[in-house]
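Undergrad:
Residue numbers (my numbering): 627 to 938.
Shown next as structure tokens:
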């Protein structure tokens with residue numbers, strides 16, 4: 627038993643020693659391979675100096691990780707002892723009135739609020755501690771059983787979206803400083819661009835194929851990935867109002883239908899009566915409608931301006 631317990635420690639020790647050996651000897655070895663062996667001592671000292679600087683830099687970088695880990699322990703311990711996630715779950719359940727979609731929308735909004743002003747690591751710690759148990763608890767009560775990783779990705783995606791959500795969008799303030807534009811307006815515009823990301827967390831919940839859950843072949847995974855990209859592209863075209871030409875009002879619901887077909891072939895197969903194991907044939911329907919929109923917009927593609935003889 628002691629040998630089994632010491633085995634990971636010994637492996638880490640020998641891996642560390644190997645990396646130190648590489649760091650100390652790489653410069654002398656490269657010097658010898660170039661045929662210049664006159665300054666091996668200086669090259670060895672260079673390796674020692676770089677190794678020491680790397681150790682100092684690594685120690686400094688670990689300070690932020692240590693602080694984040696300590697704060698994570700405080701947050702998780704506080705949530706566990708006070709039962710805060712149970713209170714939030716009861717609150718969300720009361721507001722949603724038993725509706726699964728309303729519950730997910732409320733969790734998404736609360737994750738956006740909780741993620742404002744937090745760096746990535748702290749963001750995940752907070753939303754996963756407070757909001758992930760809410761989806762698991764209320765989802766189970768509504769008969770929705772999803773992989774735990776899908777729940778964590780759901781809350782984490784919306785927590786990260788808070789980076790450019792006014793009024794505390796850190797990324798929006800950085801972008802506004804570069805673009806010399808108003809921070810709030812920059813955050814609103816950035817959020818409109820990022821709204822295409824908002825559909826992915828919902829698809830993780832309702833279509834676990836997207837996180838490769840129970841996907842057993844490369845071909846199946848690549849097909850799901852390609853069709854999900856096309857579906858996300860259709861959703862972006864709907865939210866941005868542009869495909870190959872400016873969208874017309876009646877094309878918006880068509881883009882949304884394409885998005886649903888390509889992102890949730892299981893739902894489409896259920897509607898048209900296909901067996902679940904043949905759901906991927908629905909991709910052809912989505913691609914066909916997508917191609918039809920392209921043909922409809924092709925004549926409206928803006929023509930490139932031709933310079934006049936005087937300008938040329």
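Positions of the beta carbon are idealized from the N, C-alpha and C atoms, including for glycine.
1) In three-state terms, what does DSSP make of residue 872?
2) Expressed to the nearest angstrom, what Euclidean distance is found between the alpha-carbon atoms of residue 641 and residue 772?
3) Hey, could you find the ends of the alpha helix (DSSP H) residue 749 is sitting in?
4) Using the rule of at least 16 other Cβ atoms within 10 Å of the residue's Cβ for burial, across every protein chain shown, is residue 847 buried or exposed?
5) Compare the C-alpha of residue 812 against each of 795, 723, 879, 751 and name the closest.
6) What's the call for residue 839, buried or exposed, on a 16-neighbour Cβ count within 10 Å?
7) Write down the C-beta distance between residue 826 and residue 858 rounded to the nearest angstrom, noting that I regard them as a contact closer than 8 Å.
8) Pull up the distance between the alpha-carbon of residue 931 and that of residue 924, whole angstroms please.
9) May I ask you to report which of helix, strand or coil DSSP gives residue 899?
10) Return the CA-CA distance between residue 899 and residue 833, expressed in angstroms with no decimal places.
11) Excluding sequence positions up to five away, which residues of its chain have a Cβ less than 8 Å from the Cβ of residue 674?
12) Look at the Cβ atom of residue 926, then the Cβ atom of residue 862, and state whether they are nearer than 7 Å.
13) Could you work out which residue in 712, 896, 779 is closest to residue 837 when comparing CA atoms only?
14) Quick check: what's the CA-CA separation for residue 616 versus residue 725?
15) Should residue 577 go down as buried or exposed, given a rule of 16 or more other Cβ atoms within 10 Å for buried?
16) Rounding to the nearest angstrom, what Cα-Cα distance links residue 875 and residue 687 in this structure?
17) Would you mind reading off the limits of the alpha helix (DSSP H) that contains residue 840?
18) Going by other Cβ atoms of all chains shown within 10 Å of its Cβ, with 16 needed for buried, is residue 718 buried or exposed?
19) When DSSP labels each residue in this structure, what does residue 931 get in the three-state scheme?
20) Could you check where the alpha helix (DSSP H) with residue 879 kicks off and where it finishes?
21) Taking DSSP as the reference, what is the three-state secondary structure of residue 806?
22) Beta-carbon within less than 8 Å of residue 665's beta-carbon, same chain only, minus the 5 sequence neighbours each way: which residues are those?
23) Mind the definition here: the region 720-735 touches the region 751-770 only if three or more C-beta pairs lie below 8 Å; say whether that holds.
24) Taking the alpha helix (DSSP H) that residue 917 falls in, what are its first and last residues?
25) Do the region 743-752 and the region 797-806 make contact, defined as three or more Cβ pairs closer than 8 Å?
TA: According to the structure shown:
1) Walking along the chain shown from the start, residue 872 turns up at place 246. In this structure, residue 872 counts as strand in the three-state DSSP scheme.
2) Along the chain shown, one-based indexing puts residue 641 at 15. Along the chain shown, one-based indexing puts residue 772 at 146. So the alpha carbons of these two residues sit roughly 38 Å apart.
3) The residue labelled residue 749 in the question sits at position 123 within the chain shown. Run containing residue 749: 746-756, per the alpha helix (DSSP H) assignment.
4) For the purposes of this step, residue 847 is taken as the residue at position 221 of the chain shown. Exposed is the call here.
5) Here residue 812 is taken as the residue at index 186 of the chain shown, counted from 1. Taking only the C-alpha atoms, the option nearest residue 812 is 795.
6) Start at 1 with the first residue of the chain shown, and residue 839 comes out as number 213. Answer is exposed; the Cβ neighbour count stays below 16.
7) The count along the chain shown starts at 1 and reaches residue 826 at position 200. The count along the chain shown starts at 1 and reaches residue 858 at position 232. Confirmed, about 7 Å.
8) Taking the chain shown and counting its residues from 1, the one referred to as residue 931 is at position 305. Taking the chain shown and counting its residues from 1, the one referred to as residue 924 is at position 298. Residue confidence for residue 931 is low, a pLDDT of 49 falling below 50, so the modelled location carries little weight; the figure read from the coordinates is stated next. For residue 931 and residue 924, the distance between alpha carbons rounds to 17 Å.
9) Residue numbering aside, residue 899 sits at position 273 when the chain shown is read from its first letter. Reduced to three states, the DSSP call for residue 899 is coil.
10) The residue you call residue 899 lines up with position 273 of the chain shown. The residue you call residue 833 lines up with position 207 of the chain shown. Straight-line Cα distance between these residues: approximately 18 Å.
11) As a position in the chain shown, residue 674 is number 48, starting the count at 1. Cβ neighbours of residue 674 beyond the five flanking positions: 650.
12) Reading the chain shown from its first residue, position 300 is the one you call residue 926. Reading the chain shown from its first residue, position 236 is the one you call residue 862. Contact: no.
13) Counted from its first residue, the chain shown places residue 837 at position 211. Closest option to residue 837, Cα to Cα, is 779.
14) There is no way to answer for residue 616, as the model of the chain reaches only from 627 to 938.
15) The requested residue 577 does not occur in the structure, where the chain is confined to residues 627 to 938.
16) Walking along the chain shown from the start, residue 875 turns up at place 249. Walking along the chain shown from the start, residue 687 turns up at place 61. If I take the Cα positions, the gap works out to 52 Å.
17) Start at 1 with the first residue of the chain shown, and residue 840 comes out as number 214. Per DSSP, residue 840 belongs to no alpha helix (DSSP H) and is neither H nor E.
18) To locate residue 718, count along the chain shown from 1; it is residue 92. It counts as buried.
19) Translated into positions along the chain shown, residue 931 becomes position 305. Low per-residue confidence applies at residue 931: pLDDT is 49, beneath 50, and the placement is therefore not dependable, though the value from the model is reported in the following sentence. The answer is coil: DSSP assigns residue 931 none of H, G, I, E or B.
20) Locating residue 879 in the chain shown gives position 253, where the first residue counts as 1. That run of the alpha helix (DSSP H) goes 877-889.
21) Taking the chain shown and counting its residues from 1, the one referred to as residue 806 is at position 180. Of the three classes helix, strand and coil, the one that applies to residue 806 here is coil, per DSSP.
22) Within the chain shown, numbered from 1, the residue matching residue 665 stands at position 39. Cβ within range, chain order: 657.
23) yes
24) As a position in the chain shown, residue 917 is number 291, starting the count at 1. Start and end: 908-923.
25) no
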